[in-house]
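Accompanying notes for the structure given below.
Numbering (this note's numbering), first residue to last: 580 to 894.
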């Protein structure tokens, strides 16, 4: 198996035609046919159903397709990594973050990367923890900054970055009587949260998963209200006094600064959530990652020292 065979395979699958692939790659059609036959012989499987209309992937071909894309990406990354050992890091690095984490570190990270490594472009994605894990494994992103959610992490390498404290966020202008009683509180016991419907993501996501762990530990089940898809919508809902939110300060620090939200620390027990840098086990850490990870740590420490992100760094 070689890169030429993989390239021919992927182009043929894309165009559903060996002849079209030959034209697109400027290669003789018999050459592509021979390489595909050799590949099928090596794999011991038929990758295409062939007819006069063209070709379509078999079930085996569909399985191999994802591997072929991943292998070519890794080969290209290996080439870039070796080349960049002797020159300034350059290229596109895709990073996925949960929305609260993106809210706190995206802008300073973009600015710092632009200052230190102007030839590196960050392609930032936001999503729920389990979606980020899927994107990481599929190769859509190079790294995720997220939190454990109970998913199978056997194919993901995790390094702890930060231990964030969770708070109850309450809008200061709320008109709901039960929420007005919370506004001036500095702390609230976990058991007392059972008297309020708390906005939180589903148990599939890291925040909902962490809450379910504390519920199991304490034997106290909180009434939940599903979070909205966008963090900005959820925060507007809280600021306008329609609900209270379980969240780290990374999600709403800017609203604390303008005195629109009160952050109430949860005690007995204190609630914590781990934040990790995650990469795929089957892909080596690239030169771009080696350049950017220290900057992520630098930004994280700065946000922690400023008090905007409350918790404890792991470095």
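Glycine is no exception: its CB is placed at the ideal position from the N, C-alpha and C atoms.
Opposing strand residues paired with residue i [DSSP bridges]
{"i": "residue 736", "result": "858"}
{"i": "residue 628", "result": "635"}
{"i": "residue 673", "result": "702"}
{"i": "residue 803", "result": "777"}
{"i": "residue 741", "result": "854 and 892"}
{"i": "residue 723", "result": "675 and 857"}
{"i": "residue 790", "result": "None; residue 790 has no bridge partner."}
Sequence-distant residues of the same chain with beta carbon closer than 7 angstroms to residue i, five excluded per side
{"i": "residue 580", "result": "618 and 621"}
{"i": "residue 831", "result": "748, 814 and 840"}
Neighbour-count burial assignment, residue i, 16 or more Cβ in a 10 Å radius
{"i": "residue 733", "result": "exposed"}
{"i": "residue 625", "result": "exposed"}
{"i": "residue 609", "result": "exposed"}
{"i": "residue 697", "result": "exposed"}
{"i": "residue 852", "result": "buried"}
{"i": "residue 590", "result": "buried"}
{"i": "residue 863", "result": "exposed"}
{"i": "residue 764", "result": "exposed"}
Which of helix, strand or coil DSSP assigns to residue i
{"i": "residue 778", "result": "strand"}
{"i": "residue 839", "result": "coil"}
{"i": "residue 606", "result": "coil"}
{"i": "residue 874", "result": "helix"}
{"i": "residue 847", "result": "coil"}
{"i": "residue 768", "result": "strand"}
{"i": "residue 594", "result": "helix"}
{"i": "residue 650", "result": "helix"}
{"i": "residue 680", "result": "helix"}
{"i": "residue 895", "result": "Outside the displayed span of the chain (580 to 894) sits residue 895, for which this structure offers no information."}
{"i": "residue 580", "result": "coil"}
{"i": "residue 697", "result": "coil"}
{"i": "residue 749", "result": "strand"}
{"i": "residue 785", "result": "helix"}
{"i": "residue 755", "result": "coil"}
{"i": "residue 824", "result": "strand"}
Inter-residue CB distance, residue i and residue j (contact presumed, cutoff 8 angstroms)
{"i": "residue 870", "j": "residue 699", "result": "7 angstroms"}
{"i": "residue 817", "j": "residue 840", "result": "7 angstroms"}
{"i": "residue 777", "j": "residue 823", "result": "6 angstroms"}
{"i": "residue 856", "j": "residue 672", "result": "Not quite, the Cβ-Cβ distance comes to about 13 angstroms (not below 8 angstroms), so this is no contact."}
{"i": "residue 844", "j": "residue 768", "result": "Actually they do not touch by this definition, with Cβ atoms about 10 angstroms apart."}
{"i": "residue 741", "j": "residue 826", "result": "In fact, because the Cβ distance is near 15 angstroms, the residues do not count as touching under 8 angstroms."}
{"i": "residue 725", "j": "residue 711", "result": "5 angstroms"}
Nonlocal neighbours in the same chain, by C-beta distance under 6 angstroms from residue i, ignoring five residues either side
{"i": "residue 718", "result": "649 and 652"}
{"i": "residue 775", "result": "823"}
{"i": "residue 678", "result": "705 and 810"}
Own chain partners of residue i with C-beta closer than 8 angstroms, once the 5 adjacent residues on each side are dropped
{"i": "residue 692", "result": "699, 701, 871 and 874"}
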